[in-house]
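Each residue of the sequence shown is one higher than the one before, counting from 44 in the working numbering.
All C-beta atoms, glycine included, are put in the ideal place defined by N, C-alpha and C.
Read the structure below first, then the notes.
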Amino acid sequence: MFDDINAKKEFVFTGIFPECRNNYITITQNRPQEPSYTQYSKMCNYFHNNIYPKVHRPQEFQEKFCIPLGSYLNYINNEKYKQNSNFNIKANCAYFYYKLKDLVEKYKGNCNNTKNCYDILRQGKRGASAINVPEICKDDVHRMNVIEENLYHVFHYLDVLYVTIDALKKNTIVCKRSSQQFKKDIERLKNCEFRGNSSFINVIEKVENEYNTLCPNYVIPKSIQHSYKEPLTEDIKQGPSESAINQEKKKISISAMSQPNKETSSSTMHETLTSTGTGVVVFPFIILTIVFVLFKYTPYGAFLKLRLMALRRMIKKKNNNHNDLMKPFEKTYKNSIDRKYQVTYSSENY
C-alpha cells in the first residue's frame, strides 16, 4: 500500500501530454511501408492470440492498432540510438504502454496471466523463442506495474481531453457541444488518486489553459470572469450619464419655449382653428373605436354591458315616472276641455 501511494506521488507526467501523444500520431499516420512490417505482423498475430480477446476482428486488430503501435515502439528505440538529448524516452514509453493497454481493453483481452502486457507482446508464439521486439521500455513499464490500472484510466481521460482540443483547433463551433463533458472530465481527474502529484496538477492546468484559449466563452474561471466586466464598466463611466442627457433635453425644451413667436396672429389663429376642428372630428371617433374594441374583444365588454343595462333601467324608470306623472295631467286636461265644450254647446242651444 505504501509503495502504491509513493508511486502515485512520484510518477512523472511531465512531457507525456500532449508531446508523446503528438509523436504517436505523427509516426502512426505518416509511417511508410517499413521493412519490419512483416515482423510487426507476426508480433501482432501472436499477441492477439495470447490475450484471448472476446472481440474477434484480427485484421482490424493488426492493421489499425497493433502494427502502428509496433512502429511507434521502433521509433522510440531508434531515438535512443540517435542519442537525442531532447527526446524523453521515459515519457514516450509511458504513452506506448498506455496505448498497448488500451488496445487490450478495446478487444476485451486479458494480460493477467503475466506481470504486464509488454511481456506478452514480446512473448511471441507459445513454445517458440521470443521475437525481436525492442526492450527499450522494459524497465519503465516495470515501474508502472504497481499503478498501471489507475494510470490507464488517467491517461484515457487525458487522451479524450486532447482529442477535444484537436477538434477545437480545427473548428471552435465544437466549444458549446464539448463544454459540459470537458468540465466533467476535468473534475474527475482533479479528484482521482493522483491529485497529490504536482506534475499531474501541472498537466491538468495546462490542458485547462489550452481549452480556455480556444473557448474563452465556455470555460472561464471565476477569477477571470470579473476582469472581463471591468472594461465595459469603464466605458460606461466615460460616456455621458443618463441624468446629464435628460438635463440637456430639458435645456433644449426651455430654450425653444422662451424664443419669441415670429409668425403672424392670423396664421396662428388659422392653425388653432384647424387643429381644433380636426380634434372635434377625430376625438369622438377615437373614443368610439376604443369603446367598440373594449366592448367586443376584451373582458371589459361584460363590465360595459352591465353598465349599459343599468343605464337602460335607469332611463326606463325615469320614463315610467314621467308617464305616471303625465297621465293624470292629460286626463285632467281632457276633462276640462270636454267640460268647456259642453258649456259652450249648452249656451248656444239656450
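Cβ-based neighbour list, residue i, same chain, cut-off 8 Å, excluding 5 preceding and 5 following
| i | result |
| --- | --- |
| Arg100 | Tyr150 |
| Ile244 | Arg238 |
| Asn234 | none |
| Ala210 | Val217, Ser221 |
| Ile329 | none |
| Ile358 | none |
CB of residue i within 8 Å of CB of residue j, strictly
| i | j | result |
| --- | --- | --- |
| Val27 | Phe60 | The question about residue 27 has no answer here: the residues shown for the chain are numbered 44 through 393. |
| Asn159 | Ile94 | no |
| Lys144 | Tyr195 | yes |
| Cys180 | Phe130 | no |
| Lys212 | Leu257 | yes |
Selection from the options that minimises the alpha carbon distance to residue i
| i | options | result |
| --- | --- | --- |
| Pro96 | Asp228, Ser222, Arg220, Leu146 | Leu146 |
| Thr81 | Phe104, Gly113, Glu103, His91 | Gly113 |
| Thr215 | Pro259, Ile179, Arg231, Asn240 | Pro259 |
| Thr69 | Pro111, His91, Gln166, Tyr83 | Pro111 |
| Tyr254 | Arg355, Lys226, Asn92 | Lys226 |
| His123 | Tyr161, Pro177, Thr332 | Residue identity check: residue 123 is Lys in the sequence provided, not His. Ranking Tyr161, Pro177, Thr332 by Cα distance to Lys123 puts Pro177 first. |
| Arg186 | Gln166, Gly58, Tyr161, Arg231 | Tyr161 |
| Tyr83 | Val250, Gln105, Asn252 | Gln105 |
| Glu251 | Leu349, Lys107, Glu230, Ile358 | Glu230 |
| Asn49 | Asn240, Leu331, Glu103 | Asn240 |
| His199 | Ser222, Ile358, Leu349, Lys142 | Lys142 |
| Gln166 | Leu349, His91, Val336 | His91 |
| Glu148 | Lys125, Gln126, Ser128, Val98 | Val98 |
Same chain only: Cβ atoms within 6 Å of residue i, ignoring 5 sequence neighbours per side
| i | result |
| --- | --- |
| Leu201 | Phe60 |
| Arg355 | none |
| Cys109 | Cys87 |
| Asp183 | Lys133, Cys136 |
| Ser284 | Note that Ser284 scores 38 on pLDDT, short of 50, meaning its location in the model is unreliable; the coordinates nonetheless yield the value given after this. Correct list: empty, nothing qualifies. |
| Gln155 | The residue asked about is misnamed: residue 155 is Asn in this sequence, not Gln. Once the five neighbours on either side are set aside, Asn155 has no close Cβ partner at all. |
| Ile333 | none |
| Glu236 | Lys51, Asn193 |
Cut-off 7 Å between Cβ atoms - residues of its own chain near residue i, not counting five sequence neighbours on either side
| i | result |
| --- | --- |
| Gln72 | none |
| Asp47 | Val189, Ile190 |
| Gly58 | Asn131, Ala134 |
| Leu331 | none |
| Asp228 | Tyr200, Val203, Leu204 |
| Glu103 | none |
Residue i Cβ short of 7 Å to the ligand ADP heavy atom set
| i | result |
| --- | --- |
| Phe108 | Judged by which ligands are present, the structure shown has none, so any question about the ligand ADP falls away. |
Tell me, please, whether the stretch 191–208 touches the stretch 59–72 by the rule of three or more beta-carbon pairs shorter than 8 Å.
yes
Quick one: any contact between the stretch 45–62 and the stretch 181–193, if contact means 3 or more CB pairs under 8 Å?
yes
Counting Cβ pairs closer than 8 Å, one from the stretch 108–126 and one from the stretch 134–151, do we hit at least three?
yes
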